[in-house]
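Residue numbers (mature numbering (1 follows the signal peptide of the UniProt record, and there is no 0)): -21 to -1, 1 to 314.
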């Protein structure tokens, strides 16, 4: 049997938790998107699973105190995608393929949030967690997924993956991968000051982007400022929607990127819809009335709108998941 330990000094702390009013919604989300073996299923993208989704499932299970589901999700994760030579995860698992993992590259946000979920489980719930896992993930994020900003060598950028292409004068960044609270808490727990510096610089980076009036999914950072990425579309869409959630969760509801995303999402005259894809020239090319996406605007404006299991039944994996995460973010930032 694998020896399991509790993260030293953290599990004994009594952490006050805000009340989460949507327990029925958690049950609905779990029953729809978590398979019996613990695989979190993206029902729109051909039923694949990805490291981001597994991490979201862990965070939500911890937030709602569901240890059995937490253990199932982590067990599947360890057995199927935590398979690299380092402590990071392969980002995609495809049930339609014989090899299941067509791309073993990691996605830094999934690794960051999984480590944070494990830290939270030990600290907030006292659940037995193998402390070596989040410690190793944090170590490898610092070692493999940080790069100097070409404009300031002492300011680390969070790269989207360990194998992401980077040059001394050009670093690819996904702004929605920054979760300052998660980064700082992992840095404090595992003596990783570089990750805390990356969180600080990430806040500044997001403020710079907000000042331009455009918060993209992907951007290249160069000595002269921001440029369109070479291998990704230069637009603001489903990745960038997460920016207000992570900032509000980090106690940064007044950050200019929160209001900036809310303004971009409001660029539609269609009632009860929000913009979910905005091009670099400002053109809105996709809108949605999914409650999960509209909930992000409410969060950005510090409005809490109650929802129920019925709201989740009408949504696919991604908007339903963002609504759940935004609910937890709102509760914990006001807790």
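Ideal placement from N, C-alpha and C gives every residue a C-beta, glycine not left out.
Where the beta strand (DSSP E) through residue i begins and ends
{"i": "residue 267", "result": "263 to 267"}
{"i": "residue 255", "result": "253 to 258"}
Residue i versus residue j: straight-line alpha-carbon distance, rounded
{"i": "residue -17", "j": "residue 23", "result": "Because the pLDDT of residue -17 is 43, which lies under 50, any placement of that residue in the model is unreliable, and the question is left without a value."}
{"i": "residue 147", "j": "residue 128", "result": "8 Å"}
{"i": "residue 74", "j": "residue 32", "result": "15 Å"}
{"i": "residue 62", "j": "residue 70", "result": "10 Å"}
{"i": "residue 121", "j": "residue 249", "result": "44 Å"}
{"i": "residue -7", "j": "residue 55", "result": "Caution applies to residue -7, whose pLDDT of 47 falls short of 50 and renders its modelled position unreliable; the value that the coordinates give is listed next. Spanning the two alpha carbons is a distance of roughly 28 Å."}
{"i": "residue 212", "j": "residue 106", "result": "41 Å"}
{"i": "residue 46", "j": "residue 292", "result": "23 Å"}
{"i": "residue 247", "j": "residue 267", "result": "10 Å"}
{"i": "residue 269", "j": "residue 87", "result": "27 Å"}
{"i": "residue 124", "j": "residue 130", "result": "18 Å"}
{"i": "residue 113", "j": "residue 214", "result": "33 Å"}
{"i": "residue 39", "j": "residue 157", "result": "18 Å"}
{"i": "residue 42", "j": "residue 314", "result": "12 Å"}
{"i": "residue -11", "j": "residue 300", "result": "Residue confidence for residue -11 is low, a pLDDT of 39 falling below 50, so the modelled location carries little weight; the figure read from the coordinates is stated next. Taking the straight line from one Cα to the other gives about 27 Å."}
First and last residue of the uninterrupted alpha helix (DSSP H) at residue i
{"i": "residue 184", "result": "172 to 191"}
{"i": "residue 286", "result": "Unbroken run through residue 286: none, as it is neither H nor E."}
{"i": "residue 237", "result": "235 to 244"}
{"i": "residue 205", "result": "Per DSSP, residue 205 belongs to no alpha helix (DSSP H); it is in the beta strand (DSSP E), 204 to 206."}
{"i": "residue 144", "result": "No alpha helix (DSSP H) contains residue 144, which DSSP labels as neither H nor E."}
{"i": "residue 46", "result": "46 to 59"}
{"i": "residue 302", "result": "296 to 312"}
{"i": "residue 223", "result": "222 to 228"}
{"i": "residue 163", "result": "159 to 168"}
Member of the options whose CA lies at the smallest distance from the CA of residue i
{"i": "residue 278", "options": "263, 299, 297, 308", "result": "308"}
{"i": "residue 263", "options": "7, 216, 156", "result": "216"}
{"i": "residue 110", "options": "126, 122, 93, 121", "result": "93"}
{"i": "residue 178", "options": "168, 164, 14", "result": "164"}
{"i": "residue 135", "options": "116, 255, 162", "result": "162"}
{"i": "residue 90", "options": "159, 285, 48, 140", "result": "140"}
{"i": "residue 306", "options": "29, 221, 104", "result": "221"}
beta-carbon residue i near the ligand MG non-hydrogen atom, thresh 7 Å
{"i": "residue 195", "result": "With respect to the ligand MG, the structure shown offers nothing to examine, as it has no ligands at all."}
Bridge partner(s) assigned by DSSP for residue i
{"i": "residue 278", "result": "In DSSP, residue 278 forms no bridge with anything."}
{"i": "residue 127", "result": "135"}
{"i": "residue 151", "result": "199"}
{"i": "residue 21", "result": "27"}
{"i": "residue 215", "result": "257"}
{"i": "residue 83", "result": "For residue 83, which the question treats as bridged, DSSP gives no partner whatsoever."}
{"i": "residue 13", "result": "19"}
Contact with chain D by residue i, beta-carbon distance below 8 Å
{"i": "residue 134", "result": "Considering every chain present, this structure includes no chain D. It has just one protein chain."}
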